[in-house]
Amino acid sequence: MSDTYDLVIIGGGPGGYNCAIRAGQLGLKVACVETRKTLGGTCLNVGCIPSKALLHATEMYEAAEKDFAGLGIDATVKLNLPNMMASKDKTVGQLTQGIAYLFKKNKVDHIEGFGKIIDAGTVDVDGKKIKTKNIVIATGSEVATLPGIDIDEERIVSSTGALELSKVPGKMIVIGGGVIGLELGSVWRRLGAEVTVVEYLDHILPGMDAEVQKVALRTFKKQKMKFKLGHKVTGVEKMKSKLKVSIEPSKGGDVDTMDADVVLVCIGRRPFTQGLGLEAAGVSMDKRGFIETNHFKTNVSGIWAVGDCTTGPMLAHKAEEEAVAVAESIAGKVGHVNYDVIPGVVYTKPEVAIVGKTEDELKAAGIPYKSGKFSFIANSRAKANHETDGFVKILAHAETDEILGAHMIGPMVGEMIQEMCVAMEFRASSEDIARTCHAHPTLSEAVRQAAMGVEGWTMQS
Ligand code: FAD
Ligand code: NAI
Numbered sequence: 018m019s020d021t022y023d024l025v026i027i028g029g030g031p032g033g034y035n036c037a038i039r040a041g042q043l044g045l046k047v048a049c050v051e052t053r054k055t056l057g058g059t060c061l062n063v064g065c066i067p068s069k070a071l072l073h074a075t076e077m078y079e080a081a082e083k084d085f086a087g088l089g090i091d092a093t094v095k096l097n098l099p100n101m102m103a104s105k106d107k108t109v110g111q112l113t114q115g116i117a118y119l120f121k122k123n124k125v126d127h128i129e130g131f132g133k134i135i136d137a138g139t140v141d142v143d144g145k146k147i148k149t150k151n152i153v154i155a156t157g158s159e160v161a162t163l164p165g166i167d168i169d170e171e172r173i174v175s176s177t178g179a180l181e182l183s184k185v186p187g188k189m190i191v192i193g194g195g196v197i198g199l200e201l202g203s204v205w206r207r208l209g210a211e212v213t214v215v216e217y218l219d220h221i222l223p224g225m226d227a228e229v230q231k232v233a234l235r236t237f238k239k240q241k242m243k244f245k246l247g248h249k250v251t252g253v254e255k256m257k258s259k260l261k262v263s264i265e266p267s268k269g270g271d272v273d274t275m276d277a278d279v280v281l282v283c284i285g286r287r288p289f290t291q292g293l294g295l296e297a298a299g300v301s302m303d304k305r306g307f308i309e310t311n312h313f314k315t316n317v318s319g320i321w322a323v324g325d326c327t328t329g330p331m332l333a334h335k336a337e338e339e340a341v342a343v344a345e346s347i348a349g350k351v352g353h354v355n356y357d358v359i360p361g362v363v364y365t366k367p368e369v370a371i372v373g374k375t376e377d378e379l380k381a382a383g384i385p386y387k388s389g390k391f392s393f394i395a396n397s398r399a400k401a402n403h404e405t406d407g408f409v410k411i412l413a414h415a416e417t418d419e420i421l422g423a424h425m426i427g428p429m430v431g432e433m434i435q436e437m438c439v440a441m442e443f444r445a446s447s448e449d450i451a452r453t454c455h456a457h458p459t460l461s462e463a464v465r466q467a468a469m470g471v472e473g474w475t476m477q478s
């Protein structure tokens with residue numbers, strides 16, 4: 018292993034490993050430094066993948082328990098939590114090993130250890146100095162904490178602990194009605210926990226389309242998830258067997274207490290740059306600790322940054338887009354990310370999927386728009402599958418008809434949103450979608466019908 022590299026990447030998550038592989042493909046001499054034993058970062062080890070594995074398994078469990086009989090399938094269902102966890106761990110293991118294989122295939126050196134920037138040409142890994150022409154910081158994020166509420170990953174857990182519980186809690190209190198709260202809250206509710214989500218705002222899923230927020234809340238309530246909106250948790254006291262959770266209205270008022278077996282803290286994540294030597298190297302960060310970049314370049318020549326440690330949505334595919342673009346930029350190509358077309362998906366049942374602007378954002382920006390909406394209740398495939406909750410909404414420019422946003426809640430919308438991403442990437446009009454033949458009967462016909470609705474010729478009563 019040579020000590021002089023074209024590129025050293027610090028962090029082996031989606032930002033780091035995609036950058037390393039692309040740089041390897043482009044012929045750069047590249048190394049990726051990662052503290053974890055396995056590659057893949059938060060996403061593969063303790064984020065996207067284990068959470069989706071548990072969401073899938075618990076969705077199957079709940080379907081077998083509650084829905085099979087209605088389809089004429091009589092089954093006796095019994096939860097085997099250790100096996101469910103083992104299945105999740107197996108998936109994680111296979112995927113992290115897959116990254117290690119891709120590193121070898123693309124001649125990327127994987128250096129295990131903690132990376133610290135000495136200067137723009139030197140990275141220290143546990144005392145060993147590595148020389149490089151470029152550094153990409155891809156150190157990701159960590160869970161944001163609440164003062165006085167100490168995460169022990171057993172009874173007071175972050176998402177990491179919530180992916181590893183050894184038994185189903187009787188009562189779980191989830192602090193934060195965002196993506197993690199709803200996904201992991203759904204996992205444990207499906208397995209039998211009484212889940213109460215305490216959310217500071219008066220709605221869940223902040224930043225999303227207001228109608229999506231309302232339908233999501235109504236549907237999760239129907240599934241017996243409880244909500245305390247407009248409230249905050251002010252303390253968690255550890256009793257012998259229970260947790261005593263203090264809750265008060267966000268705007269102030271009387272304190273209430275609730276019992277819980279497990280409290281899940283998921284109030285957002287913050288950039289992780291601890292011990293990286295950024296101050297000494299002179300790399301600028303904003304007030305919230307995000308590394309400031311311009312086309313992935315930091316203010317220090319030769320030091321670049323991508324992914325969760327920079328501003329923008331904290332999503333694996335955003336990190337991946339930036340990772341490829343920064344590798345291409347370093348290799349002398351034109352790396353590019355279209356930040357207007359970064360989808361977001363919440364993998365609950367029903368799923369939530371969004372891309373582009375919301376109605377509120379268009380109104381605030383003074384952009385004239387038309388909208389078309391189609392409910393799954395009138396979609397034949399959704400009817401056949403007994404999954405009729407939700408809708409597809411498409412927003413298009415009032416004059417040019419260019420698609421500006423799509424907002425969906427319903428079955429498989431996490432897959433269906435990709436059609437809208439491709440359309441937006443090609444700057445398609447709603448009429449382009451409305452006049453594209455979609456197979457019947459498919460859930461995707463709801464997308465076409467919503468597009469038809471923009472011009473007022475949807476076929477829904
Ligand atoms: P990370 O994946 O956090 O990787 C950074 C890596 O850098 C880590 O492995 C860390 O160990 C390493 N590191 C840090 N400092 C150093 C150092 N000094 N030296 C060496 N190594 C270092 N996003 C989605 O798009 N879809 C999802 O479904 C989804 N689900 C999620 C579920 C959960 C429970 C969580 C917590 C997150 C989820 N996310 C999801 C978000 C996603 O995981 C992140 O956006 C993504 O991992 C960011 O990639 P990254 O490479 O920037 O950082
Ligand atoms: P989030 O930002 O999605 O939600 C946090 C929620 O907590 C917000 O609704 C906020 O109003 C609320 N909140 C903040 N302070 C509070 C307080 N004191 N009391 C009560 N509520 C409070 O963050 P979350 O769910 O922790 O997820 C972190 C990141 O991980 C997100 O940025 C997300 O992008 C990413 N992620 C993505 C997933 C996906 O793409 N499917 C899945 C899981 C995580």
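Just so you know, we're using my numbering here: the sequence shown kicks off at 18 and counts up by one. Just so it is clear, CB atoms sit at the ideal spot from N, CA and C, and this is done for glycine as well.
Sequence-distant residues of its chain with Cβ nearer than 8 Å to residue i (five each side left out)
i    : result
L82  : Checking the sequence, you will find Glu at residue 82 rather than Leu. If we look at E82 and ignore the five residues flanking it on each side, its Cβ neighbours are V94.
D276 : K188, K259, L260, K261 and V262
R465 : I450, A451, T453 and H455
T236 : P367, D406, G407 and I426
A227 : H220, T375, E376 and D377
Range covered by the alpha helix (DSSP H) that runs through residue i
i    : result
F120 : L98 to K122
S68  : C65 to E79
S397 : S397 to A401
N311 : Premise fails: N311 is in no alpha helix (DSSP H) and is neither H nor E.
E462 : E462 to V471
A381 : E376 to A382
G217 : This sequence places Tyr at residue 217; Gly is not what is there. Unbroken run through Y217: none, as it is neither H nor E.
P31  : P31 to Q42
D449 : S447 to A451
L232 : According to the sequence provided, residue 232 is Val. The question's Leu does not apply to it. Counting along the chain, the alpha helix (DSSP H) containing V232 begins and ends at A227 to K239.
G195 : No alpha helix (DSSP H) contains G195, which DSSP labels as neither H nor E.
G361 : Where G361 is concerned, there is no enclosing alpha helix (DSSP H), although the beta strand (DSSP E) it sits in stretches over G361 to V363.
Proximity test, Cβ basis, 8 Å: residue i and chain D
i    : result
A103 : No chain D appears in the structure shown, which is made up of a single protein chain.
Beta strand (DSSP E) segment containing residue i, residue limits
i    : result
G427 : I420 to G427
S301 : Here S301 belongs to no beta strand (DSSP E), and DSSP marks it neither H nor E.
P288 : R286 to P288
M275 : D273 to A277
T139 : T139 to V142
E15  : As shown, the chain starts at 18 and ends at 478. That puts residue 15 outside it, with no answer to give.
Same chain, Cβ closer than 6 Å to residue i, five either side skipped, listed in chain order
i    : result
M429 : L460
N316 : S301
K238 : none
A340 : G32, N35, C36 and V323
G427 : P367, F393 and G407
I38  : L119 and N123
M469 : A451 and T475
F85  : A92
G299 : V317
Q240 : none
A333 : P31, C60 and C65
Residue i: CB within 7 Å of a non-hydrogen atom of the ligand FAD
i    : result
E296 : no
E338 : no
F131 : yes
R195 : The sequence given here places Gly at residue 195; Arg does not occur at that position. For the ligand FAD, not one heavy atom lies less than 7 Å from the Cβ of G195.
R235 : no
R287 : no
E82  : no
L119 : no
C60  : yes
H27  : Just to set this straight, residue 27 is Ile in the shown sequence, not His. Under cutoff, so the answer is yes.
Heavy atom of the ligand NAI within 7 Å of residue i beta-carbon
i    : result
L332 : yes
V63  : no
G178 : no
G389 : no
S263 : no
Whole-number beta carbon distance between residue j and residue i, since they are thought to touch under 8 Å
i    : j    : result
A413 : K387 : 5 Å
A155 : G28  : 4 Å
L61  : V109 : 6 Å
I197 : V215 : With a Cβ gap of about 14 Å, I197 and V215 do not count as contacting.
E200 : Y364 : 6 Å
K133 : G294 : 5 Å
Cβ-based neighbour list, residue i, same chain, cut-off 7 Å, excluding 5 preceding and 5 following
i    : result
E170 : T177 and G178
Proximity test, residue i beta-carbon vs the ligand GDP heavy atom, cut-off 7 Å
i   : result
G32 : For the structure depicted, the ligand GDP is absent and the ligand set comprises only the ligand FAD and the ligand NAI.
Whether or not the stretch 309–319 and the stretch 217–226 are in contact is what I'm after, with contact meaning three or more pairs of Cβ atoms, one per stretch, closer than 8 Å; do they touch? Three or more beta-carbon pairs separated by less than 8 Å are not found between the stretch 217–226 and the stretch 309–319, which leaves the two stretches without contact.
How about the stretch 407–420 and the stretch 431–451: do they share at least three Cβ pairs that are nearer than 8 Å? Contact between the stretch 407–420 and the stretch 431–451 is present: three or more C-beta pairs spanning the two stretches fall below 8 Å.
Counting Cβ pairs closer than 8 Å, one from the stretch 287–301 and one from the stretch 156–164, do we hit at least three? Enough Cβ pairs lie closer than 8 Å, so yes.
Touching or not, the stretch 120–139 and the stretch 323–339, by the rule of three or more beta carbon pairs under 8 Å? Touching, no.
Would you say the stretch 70–81 touches the stretch 41–54, given that touching needs at least three Cβ pairs under 8 Å? Under the 8 Å Cβ criterion, the stretch 70–81 does not count as touching the stretch 41–54, having fewer than three qualifying pairs.
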